[in-house]
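Asker: This is the structure, below, for whatever I ask next.
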Amino acid sequence: MNTSQWIASVIESKKNVAVPIMTHPGIEIIGKKVIDAVTNGQVHFESIKALNERFPQSAACTTIMDLTVEAEAFGAELYMSDEEVPSVTGRLLSSHEDVAALEIPTLDKGRIPEYLKANKLAAENIDKPTFGGCIGPFSLAGRLYDMTEIMMAIYTEPETMKLLLGKCTTFLKKYIAAIKQTGVAGVILAEPAAGLLSNDDCYEFSSVYVKEIVDELQDDNFAIILHNCGNAGHCTQAMIATGANGYHFGNKADMVEALKECPTDVLVMGNIDPVALFKEATPDELFEATKELLAATSGYKNFVISSGCDTPPGVSFDNITAFYNATV
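Just remember that the numbering used here sits 10 ahead of the position in the sequence shown, which is counted from 1.
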């Protein structure tokens, strides 16, 4: 599909457009567990399809935001349970020598093939845009080197960190190119750890590398949506410097201020709290919060209402219904 035309049509639409990052309710619809979907591309796809059939109001579908797939391919150890998204445990890299010796994995490692399978099946069988997902370079580097350690190392060992970021980016370009080949409309590139950085550091240690990915892979048929739920508004300019076709904000950000900063010809998405509102609020509370955000952002045609991040397992169908009812 021509994703650029789709983006233009979203911006020109007279109606509210909603694209929550949401897959887990679909897993529940088909009676599977989280571990089934994150390890099996067929189950992953069936979850996306089932959710779309139950709630067709979303303008696009999304795959699971699993920020461990790429780290696992590099060799990181994971903790996996039946009902939680996997997490990285331990530390794969701890020195310049480790980084220098790190091999860039091939695309047959870990669960990469299953995620590519889910993307391909969704692209071929769902009659609206599907956006795949992947981690961003700084967030991936942090999972390999340890987040606390990398926050210090960008100052004490910047060249080592840039060597690591370069390797992460090389791998991500290969992986995203493979995602592109599946036929999906684009990817939501999740770079939450970059929100821990100042605007200047975010630019130097994240945006420069994200821009490499954008410049190589984004085109009329494939959009990159940069997600940074760690950004409280302090590094929006660094995000914009990547040249992505869309920017997705978490609930820490002020959406109106973000919209003021972002170009008018790109999608600006966010930012209903996935836990405090989608999961824990009553349907009435979620309805009102959604209405309030739509009212506040009504002057911006490029705004797409979304969750602030991937909605977690356990969101009630009543709350999902309330969210969509508020967008009508």
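Here a beta-carbon is modelled for each residue, glycine too, at the ideal position from N, C-alpha and C. It should be emphasised that the depicted structure is a prediction, and the values quoted were computed from it without experimental measurement.
Put Asn261 into one of helix, strand or coil per three-state DSSP.
Answerer: Position 251 of the sequence shown, counted from the first residue, corresponds to residue 261. Three-state result, Asn261: coil.
Asker: So, is Pro202 buried or exposed, given that buried needs 16 or more other C-beta atoms within 10 angstroms?
Answerer: On the sequence shown, residue 202 is found 192 positions in, with the first residue counted as 1. It counts as buried.
Asker: Between the alpha carbons of Pro293 and Phe333, how many angstroms are there, rounded?
Answerer: Taking the first residue of the sequence shown as 1, we reach residue 293 at position 283. Taking the first residue of the sequence shown as 1, we reach residue 333 at position 323. Straight-line Cα distance between these residues: approximately 8 Å.
Asker: Let me make sure I understand the geometry here. Which of Gly85, Gly152, Pro284 has the alpha-carbon closest to that of Ile122?
Answerer: Here the question's residue 122 lines up with position 112 in the sequence shown. Among Gly85, Gly152, Pro284, the Cα nearest to that of Ile122 belongs to Gly85.
Asker: Can you round the beta-carbon distance between Leu174 and Ala204 to whole angstroms, since I take them to be within the 8 Å contact cut?
Answerer: As a working note, residue 174 is residue 164 in the sequence shown. As a working note, residue 204 is residue 194 in the sequence shown. Their Cβ separation, rounded to whole angstroms, is 14 Å, which puts Leu174 and Ala204 out of contact at 8 Å.
Asker: Given Thr49, which residues of its chain have a CB within under 7 Å of its CB, disregarding the five upstream and five downstream residues?
Answerer: Your numbering for residue 49 matches position 39 in the sequence shown. The answer, listed in chain order, is Arg121, Glu124.
Asker: Using 7 Å as the cut-off, classify the Cβ of Thr73 as near or not near the heavy atoms of the ligand COA, replying yes or no.
Answerer: Because no ligand of any kind appears in the structure shown, any question about the ligand COA cannot be addressed here.
Asker: Looking at C-alpha atoms only, which residue of Phe65, Pro96, Asn62 is the closest neighbour of Thr78?
Answerer: By 1-based counting over the sequence shown, the position of residue 78 is 68. Selected option, being the one with the closest Cα: Pro96.
Asker: Rounded to whole angstroms, what is the Cα-Cα separation between Ile186 and Glu302?
Answerer: Walking along the sequence shown from the start, residue 186 turns up at place 176. Walking along the sequence shown from the start, residue 302 turns up at place 292. Whole-angstrom Cα-Cα distance: 36 Å.
Asker: So, Glu295 versus Leu287, is the Cβ gap smaller than 8 Å?
Answerer: Stepping through the sequence shown from its first residue, residue 295 is reached at position 285. Stepping through the sequence shown from its first residue, residue 287 is reached at position 277. In this structure, Leu287 lies closer than 8 Å to Glu295 by Cβ.
Asker: Pull up the CB-CB distance for Met249 and Ser208, whole angstroms please, since I reckon it's below 8 Å.
Answerer: Here residue 249 is taken as the residue at index 239 of the sequence shown, counted from 1. Here residue 208 is taken as the residue at index 198 of the sequence shown, counted from 1. No, Met249 and Ser208 are not in contact; Cβ-Cβ is about 13 Å, not under 8 Å.
Asker: With a Cβ-Cβ cutoff of 8 Å, do Gly143 and Val197 count as a contact?
Answerer: Here residue 143 refers to the residue found at position 133 of the sequence shown. Here residue 197 refers to the residue found at position 187 of the sequence shown. In contact: Gly143 and Val197 (Cβ atoms closer than 8 Å).
Asker: Should Phe327 be labelled buried (16 or more other beta-carbon atoms within 10 Å of its own) or exposed?
Answerer: In the sequence shown, residue 327 corresponds to position 317, counting from 1. Answer is exposed; the Cβ neighbour count stays below 16.
Asker: Which one or two residues does DSSP pair with Ser317 in a beta bridge?
Answerer: For the purposes of this step, residue 317 is taken as residue 307 along the sequence shown, with counting starting at 1. For Ser317, which the question treats as bridged, DSSP gives the partners Ile282.
Asker: Pick from Glu82, Lys190, Thr307: whose alpha carbon is nearest that of Asn12?
Answerer: Residue 12 sits at position 2 when you count from the first residue of the sequence shown. When each option's Cα is compared against that of Asn12, the closest is Lys190.
Asker: On the CB-based measure, 16 or more other CB atoms within 10 Å of its CB, does Thr274 come out buried or exposed?
Answerer: Position 264 of the sequence shown, counting from 1, holds the residue named residue 274. Classification for Thr274: exposed.
Asker: Assuming Thr170 and Val266 form a contact by the criterion Cβ under 8 Å, report the distance between their Cβ atoms to the nearest whole angstrom.
Answerer: If you number the sequence shown from 1, residue 170 lands on position 160. If you number the sequence shown from 1, residue 266 lands on position 256. Rounded, the Cβ-Cβ distance is 40 Å, inconsistent with contact.
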